[in-house]
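Visitor: One structure coming up, written as structure tokens, with questions to follow.
In full-length UniProt numbering, the protein residues as written are 1 to 518.
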């Protein structure tokens, strides 16, 4: 029997007076977080929530998220974290699809206007019986008629609770995929999936409860990367989580300095943003001196960003790989060992990976140059997609999960992401991988960031188009970049179309939204 909430409870028993969460001027100890989570658990049980019931949560990186998250788990419920940028119609879909019985939604403030439409989604959803508005002022009245605030509802609840005994194979969390194809699907993750992925921090990052890390939490906690590597990873080893609700590079650097952050994890665009925020002559030596681990995931890290960050900060980025369906970590570059720039590392302990032939479960030959679809097997693989057996059968076979990502493997077993299989461009019969083109473009002295897609073409089927953000002060033109690309790449690869832009559309987690480019 194992309940994921024991990560919090064990640390609260051992390190009750240690800071668990820092947010602005608020500092909460492990004992305080555990007590508040117990109040949430008591509230849910008093309102009829049964073990196994789904409880949804919309909240940015604030202490409330962690308190409610573990409170749901303590009550034996399943946490359904929702993207805070969802609109009312989308919230209603997720509540209905997950069959949520209750919903905690952050109201938002004028400065942080996130989640304000959440209550409308609750009103549209069938079967969701309880709604709690998370307000900045816990004593405030609910702004939605007929509902109540979390603060008032839990204020009379005792701070002690005996967590419900759950089997390690019970569903702890349902994480929804981004829905790039069709409606989002909920990946069911077991208590042991999430536990083992959090505990992998010993092997991956040298985590040590006697020398706890201070984690900067800029990755959204509703996403698997932030949830496992930051929140659960920190709580498993008595670490301190410094929360930043929205990633802003300058604010992140300030917090890294002020709180002496030792562990930073982010998606590639965050590293790109940090580099851009470091003005020439700014002394970041103290940040570099404190920073023990810099981890990247979520999407492929451009080689140029990797090299520039190491040069500026003196810290080598450890790149990893995973998906919501894999809890999320599947592979990582191991702390303390030489990093291979551009690689997502080796499978983590207890996990296997292999490469499959296109549209087949057959493994490709062991050739360092061969490209195949990455498949994963191990303690981190989801149960399946909630109430979607057909979709589950498409991606799971004999405990192997096919990722949809194309990769290659070198002679030492290190993996490298080539691209998403759905992003691959077929130009005149040739396979073109956007990531390869982006990497080349970013070696140009004037290019800061690039995104490459395929656009329809009468004779070639698809043509290659690049969207490029230039460095400050750069004057390179689109025509010059096309000509330069022609010199650098094979005739079927270089982009014939280059559009210079000021920014690129991104998800809440910082991934570039290529589907919004055309």
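Even glycine gets a Cβ: it sits at the ideal position worked out from N, Cα and C.
#1: Would the beta-carbon of residue 294 fall within 9 Å of that of residue 271?
#2: Return the CA-CA distance between residue 518 and residue 403, expressed in angstroms with no decimal places.
#3: So, does the stretch 125 to 145 touch the stretch 93 to 108, judging by three or more C-beta pairs under 8 Å?
#4: The beta strand (DSSP E) that contains residue 431, what's its start and end?
#5: Assign residue 228 to buried or exposed, taking buried as 16 or more other Cβ atoms, counted over all protein chains shown, within 10 Å of its Cβ.
#6: Report all residues from its chain with a CB closer than 7 Å to the CB of residue 395; omit the five preceding and five following residues, and keep chain order.
#7: With distances taken Cα to Cα, identify the nearest neighbour of residue 261 among 21, 53 and 268.
#8: Could you tell me the alpha carbon to alpha carbon distance between residue 94 and residue 269, rounded to whole angstroms?
#9: Where in the stretch 96 to 175 do unbroken runs of the beta strand (DSSP E), each at least 3 residues long, occur, reported from the N-terminal end onward?
#10: Terminal residues of the continuous beta strand (DSSP E) containing residue 449?
#11: Of the choices 187, 216, 321 and 345, whose alpha-carbon is the least far from that of residue 393?
#12: Find out if the Cβ-Cβ distance for the pair residue 467, residue 498 is shorter than 9 Å.
#13: I'd like the list of long-range same chain contacts for residue 113, defined as Cβ closer than 8 Å, with 5 residues on each side in sequence excluded.
#14: Provide the residue span of the beta strand (DSSP E) that contains residue 243, from first to last.
#15: Would you decide whether residue 253 is buried or exposed? Buried here means 16 or more other CB atoms lie within 10 Å of its CB.
#16: What's the C-alpha gap between residue 52 and residue 173?
#17: By Cβ distance, which residues of its chain are closer than 6 Å to residue 488, with the 5 residues on each side in sequence left out?
#18: What number of angstroms, rounded off, separates the C-alpha of residue 510 from the C-alpha of residue 87?
#19: With residue 400 as the anchor, note down where its beta strand (DSSP E) starts and where it stops.
#20: For the stretch 291 to 322, which segments carrying the beta strand (DSSP E) assignment without a break, of at least 3 residues, lie completely within its bounds, in sequence order?
#21: So, for residue 455: in the same chain, excluding its five sequence neighbours on each side, which residues have a beta-carbon less than 6 Å away from its beta-carbon?
#22: Checking the sheet assignment: what are the DSSP bridge partners for residue 29?
#23: Please report the straight-line C-alpha distance between residue 245 and residue 127, rounded to a whole angstrom.
#24: Whose C-alpha, out of 448, 344, 226 and 83, is nearest the C-alpha of residue 405?
#25: In chain order, what residues of the same chain lie with their CB nearer than 8 Å to the CB of residue 289, ignoring the 5 residues before and after it?
Guide: This is what the structure gives:
#1: yes
#2: 25 Å
#3: yes
#4: Counting along the chain, the beta strand (DSSP E) containing residue 431 begins and ends at 430 to 432.
#5: Buried: at least 16 other Cβ atoms inside 10 Å.
#6: If we look at residue 395 and ignore the five residues flanking it on each side, its Cβ neighbours are 401 and 402.
#7: 21
#8: Roughly 27 Å separates the two Cα atoms.
#9: 100 to 106 and 130 to 134
#10: Its beta strand (DSSP E) spans residues 447 to 457.
#11: With distances taken between CA atoms, residue 393 lies nearest to 187 out of 187, 216, 321 and 345.
#12: yes
#13: Per-residue confidence for residue 113 stands at a pLDDT of 44, beneath the threshold of 50, marking its modelled position as unreliable; the derived number appears in the next sentence. For residue 113, where only same-chain residues beyond five positions count, there are no Cβ hits under 8 Å.
#14: Note, residue 243: beta strand (DSSP E), 240 to 243.
#15: buried
#16: 10 Å
#17: 440
#18: Approximately 18 Å between the Cα atoms of the pair.
#19: Following the DSSP letters along the chain, one finds residue 400 inside the beta strand (DSSP E) bounded by residues 400 to 409.
#20: You should have 293 to 296 and 317 to 322.
#21: Contacts found: 463 and 465.
#22: 19
#23: 30 Å
#24: Distances from the alpha-carbon of residue 405 to those of 448, 344, 226 and 83 put 344 closest.
#25: none
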